[in-house]
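Enquirer:
2 protein chains.
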Amino acid sequence: MNDKKNVQIGELAKRLGITTRTIRYYEEIGLMGPPERLGGGTRTFNKDDILRLKFILKLKELGISLNEMQELAEHFDIHKQDFDTITPKLIEILDLHISKVDEKIANLSSLRHEIVDYRLRIMDILNKK
Amino acid sequence: MNDKKNVQIGELAKRLGITTRTIRYYEEIGLMGPPERLGGGTRTFNKDDILRLKFILKLKELGISLNEMQELAEHFDIHKQDFDTITPKLIEILDLHISKVDEKIANLSSLRHEIVDYRLRIMDILNKK
DNA sequence: ATTTTACTTGACCTTTACGTAAGAGATATG
DNA sequence: CATATCTCTTACGTAAAGGTCAAGTAAAAT
Chain A
7 MNDKKNVQIG ELAKRLGITT RTIRYYEEIG LMGPPERLGG GTRTFNKDDI LRLKFILKLK
67 ELGISLNEMQ ELAEHFDIHK QDFDTITPKL IEILDLHISK VDEKIANLSS LRHEIVDYRL
127 RIMDILNKK
Chain B
7 MNDKKNVQIG ELAKRLGITT RTIRYYEEIG LMGPPERLGG GTRTFNKDDI LRLKFILKLK
67 ELGISLNEMQ ELAEHFDIHK QDFDTITPKL IEILDLHISK VDEKIANLSS LRHEIVDYRL
127 RIMDILNKK
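Take a look at the structure:
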């Protein structure tokens with residue numbers, strides 16, 4: 007009666023290197039749609055659930071916040087396998103994210119300059135004494 | 007009896023473009039030593055206080071966290087004018103901070119690559135259909 | 001002197017992404 | 001069956017850097 011493929015939360019967490027809290031949290035904020043439950047209420051995750059979770063983790067790795075993902079939750083409904091609809095929107099998001107990253111890099115670079123300059127000025131003060 | 011130079015918190019905040027809460031907060035966490043008070047308890051800030059606050063804001067601008075500043079609070083005791091003692095330590099900090107920034111930049115750069123790659127793979131999937 | 005600002009402390013609120021604990025029920029194993 | 005090991009929900013805690021009241025004084029302006 008139990009699909010070989012269905013997994014409980016602890017096992018899934020261990021597999022993906024995250025905690026059960028994280029999985030429940032993603033469900034809590036609606037990133038992870040309610041999974042099936044066993045008779046007693048225990049969650050079981052099927053292949054699609056796992057795919058979706060992996061996808062979320064991938065996006066997170068790329069620096070996309072859970073909040074940003076939520077705004078797009080409608081678009082990457084992996085359950086529905088409508089990869090056609092999800093991808094254009096996702097690419098849009100990724101592009102936006104790339105420019106954000108570029109901006110951050112630019113900011114850090116100028117910050118670096120400033121720090122170096124400041125450092126030099128202090129060194130000067132030290133040497134002039 | 008009142009030094010022309012002494013300023014109250016609202017005025018000081020306005021001058022530096024921050025809020026009074028921020029100034030009180032810095033005092034709260036010990037970044038800003040207790041200032042003099044008027045008879046009624048109103049804080050007044052003298053030149054040194056203002057210098058110190060400006061210094062803190064400068065460091066903050068450079069991306070140094072309040073926490074990092076606290077660890078160094080002993081070293082940049084501007085009140086004591088011991089610019090000799092503060093600078094070497096400060097330079098040390100700045101150097102450390104520069105390398106932190108470099109690391110962040112490197113991370114963001116590789117993140118950028120990953121995102122672009124991911125984007126490309128998705129584009130491929132789209133085009134192959 | 002009186003009104004209008006400004007200042008005081010205290011304490012709770014915000015965001016993000018979970019951590020952690022409590023108490024109770026479910027599942028797996030010997 | 002008993003026990004060990006999940007899993008469940010609820011709900012408060014955390015870090016950073018202040019924001020935002022609220023009630024009560026003090027200082028400044030008229």
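Protein sequences, first through last, are from chains A and B.
Just add 6 to wherever you are in the first sequence, counting from 1, and you've got this note's numbering.
Just add 6 to wherever you are in the second sequence, counting from 1, and you've got this note's numbering.
Don't be surprised by glycine CBs; every beta carbon is placed ideally from N, CA and C.
Give the range of the beta strand (DSSP E) segment to which Thr50 of chain B is assigned.
Expert: For the purposes of this step, residue 50 of chain B is taken as the residue at position 44 of the second sequence. From DSSP, the beta strand (DSSP E) with Thr50 of chain B extends over 49–51.
Enquirer: Going by other Cβ atoms of all chains shown within 10 Å of its Cβ, with 16 needed for buried, is Pro1 of chain B buried or exposed?
Expert: With chain B covering 7 to 135 only, the question about residue 1 of chain B has no answer from this structure.
Enquirer: For Thr48 of chain A, which residues of its own chain have a beta-carbon under 7 Å away from its beta-carbon, when the five flanking residues on both sides are left out?
Expert: Numbered from its first residue, the first sequence carries residue 48 of chain A at position 42. Same-chain partners within the cutoff: Gln14.
Enquirer: Would you say Lys110 of chain A lies against chain B (beta-carbon separation less than 9 Å)?
Expert: Your numbering for residue 110 of chain A matches position 104 in the first sequence. Cβ-Cβ to chain B under 9 Å: yes for Lys110 of chain A.
Enquirer: Per DSSP, Glu42 of chain B is paired with what?
Expert: Counting from one through the second sequence, the residue named residue 42 of chain B turns up at place 36. The partner list for Glu42 of chain B (beta bridge, DSSP) reads B:Thr50.
Enquirer: Would you identify the three-state DSSP class for Gln14 of chain B, choosing helix, strand or coil?
Expert: Numbered from 1 along the second sequence, position 8 holds the residue referred to as residue 14 of chain B. Correct three-state label for Gln14 of chain B: strand.
Enquirer: In chain A, which residues lie with their C-beta within 9 Å of the C-beta of Val107 of chain B?
Expert: Stepping through the second sequence from its first residue, residue 107 of chain B is reached at position 101. Within 9 Å Cβ-Cβ: Leu114, Ser115, Leu117, Arg118, Ile121.
Enquirer: Using 9 Å as the threshold, is the C-beta distance between Ile99 of chain B and Leu78 of chain B below it?
Expert: Residue numbering aside, residue 99 of chain B sits at position 93 when the second sequence is read from its first letter. Residue numbering aside, residue 78 of chain B sits at position 72 when the second sequence is read from its first letter. Cβ distance < 9 Å, so Ile99 of chain B and Leu78 of chain B count as in contact.
Enquirer: Terminal residues of the continuous alpha helix (DSSP H) containing Leu37 of chain A?
Expert: The sequence position of residue 37 of chain A within the first sequence is 31, counting from 1. Unbroken run through Leu37 of chain A: none, as it is neither H nor E.
Enquirer: Note down the Cα distance separating Leu63 of chain A from Leu65 of chain B, rounded to an integer number of angstroms.
Expert: Start at 1 with the first residue of the first sequence, and residue 63 of chain A comes out as number 57. Start at 1 with the first residue of the second sequence, and residue 65 of chain B comes out as number 59. In a straight line, the C-alpha of Leu63 of chain A is about 35 Å away from that of Leu65 of chain B.
Enquirer: Let me make sure I understand the geometry here. Which of A:Pro94, A:Leu44, A:Phe61 has the alpha-carbon closest to that of Ile131 of chain B?
Expert: Counted from its first residue, the second sequence places residue 131 of chain B at position 125. Nearest of A:Pro94, A:Leu44, A:Phe61 to Ile131 of chain B, Cα basis: A:Pro94.
Enquirer: So Ile104 of chain A contacts chain B; which residues on that side make the cut at Cβ distance below 7 Å?
Expert: Numbered from its first residue, the first sequence carries residue 104 of chain A at position 98. Those within 7 Å of Ile104 of chain A in chain B are Arg118, Ile121, Val122.
Enquirer: Would you say Gly23 of chain B lies against chain A (beta-carbon separation less than 9 Å)?
Expert: Here residue 23 of chain B corresponds to residue number 17 of the second sequence, with the count starting at 1. It does not: the Cβ of Gly23 of chain B has no partner Cβ on chain A nearer than 9 Å.
Enquirer: Which of the residues in the stretch 50–68 of chain A, read from start to end, lie with their CB under 8 Å from any CB of chain B?
Expert: Against chain B - using a Cβ distance shorter than 8 Å - the residues of the stretch 50–68 of chain A are Lys64, Glu67, Leu68.
Enquirer: Could you give the first and the last residue of the continuous alpha helix (DSSP H) run that contains Leu72 of chain B?
Expert: On the second sequence, position 66 is the one that residue 72 of chain B refers to. Here the alpha helix (DSSP H) through Leu72 of chain B covers 72–78.
Enquirer: From the beta carbon of Leu72 of chain B, is the nearest beta carbon of chain A less than 9 Å away?
Expert: For the purposes of this step, residue 72 of chain B is identified with residue 66 of the second sequence, where counting begins at 1. Not closer than 9 Å to any Cβ of chain A, the Cβ of Leu72 of chain B fails to qualify, so no.
Enquirer: Going straight from the alpha carbon of Gly46 of chain A to that of Glu67 of chain A, what length do you get?
Expert: Within the first sequence, the letter at position 40 stands for residue 46 of chain A. Within the first sequence, the letter at position 61 stands for residue 67 of chain A. Their backbone Cα atoms lie some 34 Å apart in a straight line.
Enquirer: Measuring only the C-alpha atoms, how far is Gly39 of chain B from Val107 of chain B?
Expert: Residue 39 of chain B sits at position 33 when you count from the first residue of the second sequence. Residue 107 of chain B sits at position 101 when you count from the first residue of the second sequence. Cα-Cα distance, rounded: 29 Å.
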